[in-house]
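Residue numbers for the sequence shown follow the working numbering, so the first one is 1 and each next one is one higher.
Positions of the beta carbon are idealized from the N, C-alpha and C atoms, including for glycine.
Every value quoted in this text rests on a predicted model; they were computed, and no experiment measured them.
Only one structure is covered here, and it is reproduced in the block below.
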Amino acid sequence: MKQIPVKQLARTLHIQILRHNPCDPQSEPRLQTFELEEADAMTLFIALSDIRENQDPSLQFDFVCRAGICGSCGMIINGRPGLACRTLTKDLPDRITLAPLPAFELIGDLSVNTGKWMRGMSEQLETWVHSQGLEQTSIDSLETTMEPELAEQLYELERCIECGCCIAACGTAQMREDFVGAVGLNQITRFQLDPRDERSDADYYQLVGDDSGVFGCMTLLGCEDMCPKQLPLATQIAFLRRRMASV
Ligand code: SF4
Ligand code: F3S
Ligand code: FES
Numbered sequence: 001m002k003q004i005p006v007k008q009l010a011r012t013l014h015i016q017i018l019r020h021n022p023c024d025p026q027s028e029p030r031l032q033t034f035e036l037e038e039a040d041a042m043t044l045f046i047a048l049s050d051i052r053e054n055q056d057p058s059l060q061f062d063f064v065c066r067a068g069i070c071g072s073c074g075m076i077i078n079g080r081p082g083l084a085c086r087t088l089t090k091d092l093p094d095r096i097t098l099a100p101l102p103a104f105e106l107i108g109d110l111s112v113n114t115g116k117w118m119r120g121m122s123e124q125l126e127t128w129v130h131s132q133g134l135e136q137t138s139i140d141s142l143e144t145t146m147e148p149e150l151a152e153q154l155y156e157l158e159r160c161i162e163c164g165c166c167i168a169a170c171g172t173a174q175m176r177e178d179f180v181g182a183v184g185l186n187q188i189t190r191f192q193l194d195p196r197d198e199r200s201d202a203d204y205y206q207l208v209g210d211d212s213g214v215f216g217c218m219t220l221l222g223c224e225d226m227c228p229k230q231l232p233l234a235t236q237i238a239f240l241r242r243r244m245a246s247v
């Protein structure tokens, strides 16, 4: 006899969210639990949108691309940093706790200002091509050919989406405000490899040769474990540390 497939009952998710509005002097950080029925292929982004639409329009969280590209939906998901748009609720227990990424300025609830942090890091490390002749050269002359292997290496490092998960996962970054983290050290490695950048190792040493840079890293490895783009961050940091140690 033909078996009739039995449809599983949808789970009820209990989503506990750390709520706080730092702009409101009356606001106290508190946990608020929302319940909703899980849908097929539901991501945390979809769950949060459902809560905001149907239960609490004041809930703050960030998203742009919904595809793991823009890096704006990073948050702490059951104690681990991750992207809300790339996290399926079916991979989580029915009780889910969400909190904003630490180390970044809180805008409200799950929304943090990673852009401000990334801009500060970028200015601190001068993450742009430094070339003496740059002012006099045309854009065309910058477009020189590059070995495919090198272009591939640079491309690999440029896959970073500046989501902040590596900073949230790093003990050093929680203790030192000036620590540039794996995201910053990854960028420095990228410019060191770029033949158009004329900075010497001594110049790079000035930027990352102290505890705010490579020597602040305690090889805790949370950055690499939590990077949603699976960048080889610990390997890059070890490479940079060896190079800086020989300056
Ligand atoms: Fe996010 Fe990885 Fe870039 Fe860190 S290195 S900001 S975890 S993509
Ligand atoms: Fe932090 Fe990663 Fe180093 S977690 S301590 S930057 S290896
Ligand atoms: Fe862009 Fe999640 S919304 S990475």
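Distance between residue j and residue i (C-alpha atoms, nearest Å)
i: Glu35; j: Asn186; result: 40 Å
i: Ser27; j: Glu38; result: 30 Å
i: Cys70; j: Leu125; result: 22 Å
i: Arg191; j: Phe63; result: Note that residue 191 is Phe in the sequence shown here, rather than Arg. In a straight line, the C-alpha of Phe191 is about 29 Å away from that of Phe63.
i: Gly74; j: Tyr204; result: 29 Å
i: Ser111; j: Gln3; result: 48 Å
i: Asp256; j: Ala47; result: It is not possible to answer for residue 256, since the shown part of the chain is limited to 1 through 247.
i: Leu101; j: Val247; result: 35 Å
i: Gln153; j: Leu221; result: 21 Å
i: Asp251; j: Pro148; result: There is simply no residue 251 to check, as the chain begins at 1 and stops at 247 in what is shown.
i: Ala182; j: Ala84; result: 21 Å
i: Arg199; j: Gly108; result: 40 Å
i: Gly288; j: Leu207; result: Residue 288 falls outside the range modelled here, since the chain spans only 1 to 247, and no answer is possible.
i: Met121; j: Phe61; result: 23 Å
i: Arg242; j: Asn113; result: 33 Å
i: Arg119; j: Ser58; result: 28 Å
i: Phe179; j: Pro81; result: 18 Å
Cut-off 6 Å between Cβ atoms - residues of its own chain near residue i, not counting five sequence neighbours on either side
i: Arg30; result: Arg19
i: Pro22; result: Leu106
i: Arg95; result: His14
i: Arg159; result: Lys229
i: Gly209; result: Met244
i: Arg11; result: Glu38, Asp94
i: Thr97; result: Gln16, Asn78
i: Gln32; result: Ile17, Arg19
Test: residue i CB closer than 7 Å to a CB of chain C
i: Leu83; result: Checking the listed chains, one finds no chain C in this structure; it contains a single protein chain.
Extent of the continuous beta strand (DSSP E) to which residue i belongs
i: Met75; result: 74-77
i: Arg52; result: From DSSP, Arg52 is part of no beta strand (DSSP E) but of the alpha helix (DSSP H) over 44-54.
i: Arg80; result: 80-83
i: Gly108; result: 105-108
i: Pro122; result: Checking the sequence, you will find Ser at residue 122 rather than Pro. Per DSSP, Ser122 belongs to no beta strand (DSSP E); it is in the alpha helix (DSSP H), 114-125.
i: Thr97; result: 95-99
i: Phe34; result: 30-37
Neighbour-count burial assignment, residue i, 16 or more Cβ in a 10 Å radius
i: Thr89; result: buried
i: Gln132; result: exposed
i: Glu162; result: buried
i: Ala103; result: buried
i: Ser72; result: buried
i: Trp128; result: exposed
i: Thr145; result: exposed
i: Leu240; result: buried
8 Å CB neighbourhood of residue i in its chain, flanking five on each side removed
i: Leu150; result: Leu193, Pro195
i: Leu157; result: Asn186, Gln187, Thr189, Arg190, Leu193, Leu231, Gln236
i: Pro93; result: Asn78
i: Arg176; result: Asp211, Ser212, Gly216
Extent of the continuous alpha helix (DSSP H) to which residue i belongs
i: Arg19; result: From DSSP, Arg19 is part of no alpha helix (DSSP H) but of the beta strand (DSSP E) over 12-19.
i: Val208; result: 201-208
i: Ala173; result: 171-175
i: Thr219; result: From DSSP, Thr219 is part of no alpha helix (DSSP H); its letter is neither H nor E.
i: Ala168; result: 165-168
i: Gln8; result: First-last for Gln8: undefined, no H or E at that position.
i: Glu152; result: 148-157
Same chain only: Cβ atoms within 7 Å of residue i, ignoring 5 sequence neighbours per side
i: Thr87; result: Thr43, Leu44, Ile77
i: Leu233; result: Cys166, Ala182, Asn186, Cys223, Glu224, Cys227
i: Gly68; result: Leu83, Cys85, Arg86, Pro228
i: Ala202; result: Val247
On the three-pair Cβ rule with 8 Å, is the stretch 163-180 touching the stretch 207-218? yes
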